[in-house]
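As numbered in my numbering, residues 121 to 338 make up the sequence shown, in order.
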Amino acid sequence: MWSTHTRRWLAGATSALMAGALSLAAATPATAAVIELTSGHVDVIDVNHAAGGPIVVSVRDDTGSTPVGRDPSTVVFSVPAAAFTPVPSASAWSFLGSGGYAYVLPQTNTAGLLWAGWNTTEVASGALQNNRVVFRLTNVQGPGGFSIFTASGSTPTVLFDSGDGLPDSLNVNRNVHAHANWGFDVAGTYVATFQVSGVRAANGQTVSTTEQFTFQVG
Numbered sequence: 121m122w123s124t125h126t127r128r129w130l131a132g133a134t135s136a137l138m139a140g141a142l143s144l145a146a147a148t149p150a151t152a153a154v155i156e157l158t159s160g161h162v163d164v165i166d167v168n169h170a171a172g173g174p175i176v177v178s179v180r181d182d183t184g185s186t187p188v189g190r191d192p193s194t195v196v197f198s199v200p201a202a203a204f205t206p207v208p209s210a211s212a213w214s215f216l217g218s219g220g221y222a223y224v225l226p227q228t229n230t231a232g233l234l235w236a237g238w239n240t241t242e243v244a245s246g247a248l249q250n251n252r253v254v255f256r257l258t259n260v261q262g263p264g265g266f267s268i269f270t271a272s273g274s275t276p277t278v279l280f281d282s283g284d285g286l287p288d289s290l291n292v293n294r295n296v297h298a299h300a301n302w303g304f305d306v307a308g309t310y311v312a313t314f315q316v317s318g319v320r321a322a323n324g325q326t327v328s329t330t331e332q333f334t335f336q337v338g
């Protein structure tokens, strides 16, 4: 049988182990569940900024009945086989695709696909110089080129293109809600890193934040 001294030692050791386990659990945050968005309206880059505060970027998920703001790290944007489309042969389109085809989330609302855009309507008026932010695509990890472009008729306007070198920048005024085409050369997983920045009107200080956005293509 254990002596009184041994029992006391075991009780103390058990209490210490439990305290350590509880401390470790408290220090380890729960991992947020990842959600895959497959179709419907979504603002990939949803910018929020109040005067004197930070720039905050989230994903505005409008694919359900109620809008939801999501941490970009918890979202995967699906680009299914239905997004596979022929690319025009004109030289203006040479930035896009492989073998005459690409995966494209279109700038118009299309059933079965994500209608992807961005939103700066929550940037306070007068908080930033020129009432604008800068979107900067700094890195893309993936099996092919990634681009964002608009198209009027048969003529594209390229806003971002990982294939011709990065970073690429775009000035975006506050109070803008816009949609564009999101292009992927080949199937695979892409992680696009965007920095969103602005200059405070009050003191000229630059404020910025960086987020990564994951797309599962094909």
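All C-beta atoms in this analysis are idealised placements derived from N, C-alpha and C, irrespective of residue type, glycine included.
Keep in mind it's a predicted model, so treat the numbers as computed, not measured.
(message) To the nearest angstrom, how far is the alpha carbon of GLN336 from that of VAL306?
(response) 11 Å
(request) Can you grab the Cα-Cα spacing for the pair SER218 / VAL167, in whole Å? (result) 33 Å
(request) Run the CB neighbour count on ALA170, radius 10 Å, all protein chains shown included, and call it buried at 16 or more, exposed below. (result) exposed
(message) Measuring straight from C-alpha to C-alpha, what distance separates GLN332 and LEU279?
(response) 18 Å
(request) Could you work out which residue in PRO287, GLY324, GLU242, ASN291 is closest to SER178 when comparing CA atoms only? (result) GLU242
(request) Below 8 Å on the Cβ atoms is my guess for ALA212 versus THR309; work out the distance and round it to an integer in Å. (result) At roughly 28 Å, the Cβ-Cβ gap does not stay under 8 Å, so ALA212 and THR309 are not in contact.
(message) Report the CB separation of VAL154 from THR194 in whole angstroms; it is logged as a contact under 8 Å.
(response) 5 Å
(message) Three or more C-beta pairs under 8 Å: does that hold for the stretch 183-200 against the stretch 249-269?
(response) no
(request) Out of THR313, GLY273, ASN295, SER317, point me to the one whose CA is closest to ALA210's CA. (result) GLY273
(request) In the DSSP assignment, find the beta strand (DSSP E) that holds LEU312 and state where it starts and stops. (result) A small fix is needed here, since residue 312 is Ala in this sequence, not Leu. It spans 308-319 - the beta strand (DSSP E) in which ALA312 sits, taken as one unbroken run.
(message) GLY232 and ASP163 - do their beta-carbons sit closer together than 8 Å?
(response) no
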